[in-house]
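Q: Protein sequence lines, in the order shown, are assigned to chains A and B.
First residue of the first sequence? That's 1251 in the numbering used here, and the numbers climb one at a time after it.
First residue of the second sequence? That's 25 in the numbering used here, and the numbers climb one at a time after it.
Just so it is clear, CB atoms sit at the ideal spot from N, CA and C, and this is done for glycine as well.
This one's a predicted model, so the numbers in the text were calculated from it and none came from an experiment.
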Amino acid sequence: DAGVIQSPRHEVTEMGQEVTLRCKPISGHDYLFWYRQTMMRGLELLIYFNNNVPIDDSGMPEDRFSAKMPNASFSTLKIQPSEPRDSAVYFCASSLSALGYTFGSGTRLTVV
Amino acid sequence: GQQLNQSPQSMFIQEGEDVSMNCTSSSIFNTWLWYKQDPGEGPVLLIALYKAGELTSNGRLTAQFGITRKDSFLNISASIPSDVGIYFCAGQLRSSNTGKLIFGQGTTLQVKP
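Below, the structure written as C-alpha cells:
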C-alpha cells in the first residue's frame, strides 16, 4: 500500500499566482480530508469528502480556496489568487468509514 | 465548544524517563486517537480507542479512553531519542454522524540523550 500521496512536496509561488495541490487517497477509502497546519493555528480542517461528495467546507478560509474530488482516486485543493498568509503545510488524509485517518506527507507552500 | 485541550504544550526530558500527556474536553467523544508527527512528515496513527475505559498498549506507548468519555491520556515509558516529535490527540464527537475528527493543539516532545 503506497499510502496517501501528495504532490508537490514543496511549492514556492509569488503572491497572486494560482496554486494547485494534489492528493491521491488510499485505494478503497471513502473519506478524504484536507488540513492546513501552521504554528499559530495548529491543524485546521479545511474540507472533507465522503464518496467524492463534499460534506463540510466550513473550514475553507475564503472564496480563494476551492477543492474538488472528480473521482475516488484524486482530489485537488486550489488557491487562486494566493497570498503570503496562505503559507503553511497542507495535508491530505483519507480513511475507511472514518475509522482513523492516514495522512500524506504534506505540501509545504510558501507564497512570497 | 468542540475543543480539545491538550497538555502539556511541550516537554523536554532526559532519555529513559517516562512521559505522560493528556487531552480533555467538555464534550463527549466516541473515539479517541493519538498521532505522532515527525519533522517534515504527516501525523502517523499510534493508538486508536473506541470504548470508554479502554486501555491499549503499542510497545512502550499506552493510552486510555477516559470513563467520562471526555478525556484521554498517552504514556510513553523509557523514552528514547526517536520519540522526539509532536503528539496529537484527536477525537470524534458522540454527537457527530460524520467522519470529522477534532485535533488537539499538540504536545512537542524533546528527548535529551
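Can you list the alpha helix (DSSP H) stretches of 4 or more residues lying completely in the segment 1302-1355 of chain A, in chain order?
A: none
Q: Please list, in chain order, all residues of the same chain as Pro1304 (chain A) whose beta carbon is under 8 angstroms from its beta carbon, the five residues on each side excluded.
A: Ile1297, Tyr1298, Ala1317 and Met1319
Q: Quick one: list the residues of chain B neighbouring Gly1350 (chain A), beta-carbon separation under 7 angstroms, in chain order.
A: Leu57, Leu69 and Ala72
Q: Grouping DSSP H, G and I as helix and E and B as strand, with all else coil, what is Ala1252 (chain A)?
A: coil
Q: Have a look at Leu79 (chain B) and His1260 (chain A) and give me their C-alpha separation to the nearest angstrom.
A: Computed Cα separation, rounded: 39 angstroms.
Q: Whole angstroms are fine: how far does the CA of Leu73 (chain B) sit from the CA of Trp56 (chain B)?
A: 5 angstroms
Q: Distance check for Gln38 (chain B) and Asp1307 (chain A), CA to CA, integer angstroms please.
A: 43 angstroms
Q: Among B:Gly130, B:Arg93 and B:Val135, which residue has its Cα nearest to the Cα of Ser49 (chain B)?
A: B:Arg93
Q: Quick check on the DSSP output: the beta strand (DSSP E) that includes Leu28 (chain B) runs from which residue to which?
A: Premise fails: Leu28 (chain B) is in no beta strand (DSSP E) and is neither H nor E.
Q: Closer than 9 angstroms, CB to CB, is Leu125 (chain B) near chain A or not?
A: Yes, contact with chain A.
Q: Counting only C-beta atoms, is Gln134 (chain B) closer than 9 angstroms to chain A at any point?
A: no
Q: Is the CB-CB distance between Gly109 (chain B) and Asp62 (chain B) below 9 angstroms?
A: Here Gly109 (chain B) is near Asp62 (chain B), since their CB atoms are less than 9 angstroms apart.
Q: Using a C-beta to C-beta distance shorter than 9 angstroms, which residues of chain A count as neighbours of Gly130 (chain B)?
A: Gly1292 and Leu1293
Q: Please tell me whether Asn46 (chain B) and Gln30 (chain B) are closer than 9 angstroms, where the distance is taken between their beta carbons.
A: yes
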